[in-house]
Structure formats: structure tokens, C-alpha cells
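Numbering (the numbering used here), first residue to last: 24 to 410. Idealized CB from N, CA, C, for every residue including glycine. Here the structure is a predicted model, which means the values were calculated and not measured.
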């Protein structure tokens, strides 16, 4: 009998599924799943079983997952930051070339050529597709995470002047960023000075319409906007209007929708950013390993709603508690174990905003039912597990 059940949505790369041992039952129709593994499935429309302990998104964006609801239930949500970074970066570079050289328009023109005098038609028509080189131009990169810093560094390699904006840049990514990238503190400055602007931030409430009508109005007439993050980050209604007035050069987007599809100056791709075999494999492997470590050991790495918490197993039994981040909670937990004569071998407590997570290794074996009931009665508790 399987120890853990994994419910899958979408096509998950087999190399990732192969990471699970025989102790796992993996199916797209399993009942009472312990975890969910998905790519783009919209979980907002799904009833998520109370048995679910974790959700793993084999990709970066998590706007298809009800994060707030799952957090309140103590369900850990994982994603795969960086696993698809090179794939997206390479397509962003393609987007830069498409925008600079009018490649999409040129291809369409060539496909429509007819007759015997093709050479003459080509020579007569190519003038309308004359573009510009990237070298010497200014690239503005919004968001310097695992994708953004790679795009910025590639811009430097292409001979571009690169401006980078990210008020929340991590130290790890800062070490990876080329010294030639000029960091700016003001988004308006970046928009005003850039010939090409690329977006690399997650879709959150605070980033919706980050590229606002006001910022769009400050773009250069020759500017290109390249969006491989999420469509709602841009005020696309205003952008389409601005494109129609020839006040911005073009818009390359990976997210076709009724607002932008077939609009002048817009080139739409069918969400291809992470659609490479390598990226799909990397994402699936990363999330499979995260889910296994959490289900088997209670460790958390790369969660979007709970803090990272990793503790090597030292006790014969492990207890994990997802709880609200409030004073006195850890003291309440440890006193319950103490009163029951249970020795705590190791304890790790990590917090993130309004939530926290505790891993406790104990001796002797087992947690008495009365102790579990007392732990469950802690008002701030979200989820209790014994492993």
C-alpha cells in the first residue's frame, strides 16, 4: 500500500515523476491525495481535499493557486524558482530581436509573396522591415531575480547599456549580476531612459498594472516593451491605445488575450517561456524533490507561503507545526511536550510574515493521543503532523 498519494494535473515531465519511490501512488485521479503536483491548472476552480498537505507548482508563477486559502489551512505551496530561468531568458532574447528587427512582420510578408518575380518583390519590400541593432541601445530590466539578472547579463554581453530595477533583490542574485548593470532606484527613470524594457516580476496584488498608464505615457516613442512575466502586470488597454497612436514602438508578449490579440504593434506568443524540454524536466525534478522532503521529513524549501525550514533528522520521531506567527506559540508547544515527559532533541522555528513553522524532533517514540489533542487545541495552530 502506498505511503503517500500524489494527485497530478497537466502533463508533468516523466523524469520528475520518476523521482518518487515505490512508496508513492501517483495519478491524475487519486482520491484523498497527500499532495498535488501541477503546472498551469487553475486550482481556484477546484475543490482541494482536506487531506492535501502540500501543493507543488512545476514552474515559477503561482497565480493559478489559491495561496491565501491554503495558507490558512497550513498547506505548504512550493514552486520551482530558477528551474526555468534559462529557458525564459533565451526567449526574452528572441523577443528583443523580434522587436528590434520586425522579424514577425518580415516572416508574414515573405509567406504572402506570390509569382515568379520573388527576388524583385523581396528587394522592393525589405525596406519596410529595416530595424535597429541592439548594441549601443539601453535595456531596462524590471526585476532582477533568477530570470531578470540573466537577461541583464545577456544585455551586457550584447553590448547594451543595461539599467536594472529591483527594490527587493536578494544577495544571492546580486552576486550573480554583472558589475556593468546600472541599478536604478526609480522605475520612472528606467522607463524614460530605456529603448527596450523587459519585465521579470511575479503577479501579485502590488504588481498588478505595475506598468501603469502613467508609466506607459513616459516611454520613448521608439521603446519596445517585452513581457514574459504575466499580462496583468501591464495596463494593456492603455498600452494598446498608445501603440495605435504610434507613441510606443511595439509590445512582445507571451500571454495572448482579447485585449492584445491581433492589435497593431503587438506580437503574441502562446506562453512559450518555460516550454522547453529542459525547463519542464528541471521544474518537475525540483518540485518532486521538494514534495518528497516535505512529506517524508517535514522540511520546507522554496515555499511561496511559508518560511524555509530544514532540519536533519536527529530524533526517533518528528512533529511539525504550521502556525500563526504570534508571541508565546512556541512556548505553548514546548510546555505541552515537557508536561508529558517528552524530551525535545532538536527544535527549529522559522517565521515569515504572519505565519511560522516549527520542526521538533523528540524521544521516545510516538506522540501520545492526549499530547496531539493538546497541540491541536493551540488557537494559533494551522496544521499538525507527526512523521
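Put simply, of 323, 211, 223, 149 the residue whose alpha carbon is nearest the alpha carbon of residue 77 is 323. In terms of CA proximity to residue 88, 61 leads the group 348, 61, 191.
Between the segment 106-124 and the segment 233-249 there are three or more C-beta pairs closer than 8 Å, enough to call the two in contact. Taking a contact to require three or more Cβ pairs closer than 8 Å, the segment 33-46 and the segment 56-74 qualify as touching. With 16 or more other Cβ atoms from the protein chains shown falling within 10 Å of its own Cβ, residue 313 counts as buried. A contact is defined here as three or more CB-CB pairs under 8 Å, and the segment 341-353 meets this definition with respect to the segment 361-379. Residue 79 is bridged by DSSP to 60, 101.
Within the same chain, Cβ atoms closer than 7 Å to the Cβ of residue 38 are found at 304, 307, 308, the five residues on either side in sequence being excluded. Taking all protein chains in view, the Cβ of residue 52 is surrounded by fewer than 16 other Cβ atoms within 10 Å, so the residue is classified as exposed. Under DSSP, the beta-bridge partners assigned to residue 187 are 164, 206. In the structure shown, residue 270 adopts coil according to DSSP, grouped into three states. Taking the C-beta atoms as reference points, residue 84 is found no nearer than 8 Å to residue 59.
DSSP, read as helix, strand or coil, puts residue 85 in coil. Under DSSP, the beta-bridge partners assigned to residue 49 are 29. For residue 224, no pairing in a beta bridge is given by DSSP. Residue 382 has its alpha-carbon roughly 7 Å from the corresponding atom of residue 334. With fewer than three CB-CB distances shorter than 8 Å, the segment 98-111 does not count as touching the segment 129-149.
Per DSSP, reduced to three states, the secondary structure at residue 333 is coil, with no helix or strand assignment.
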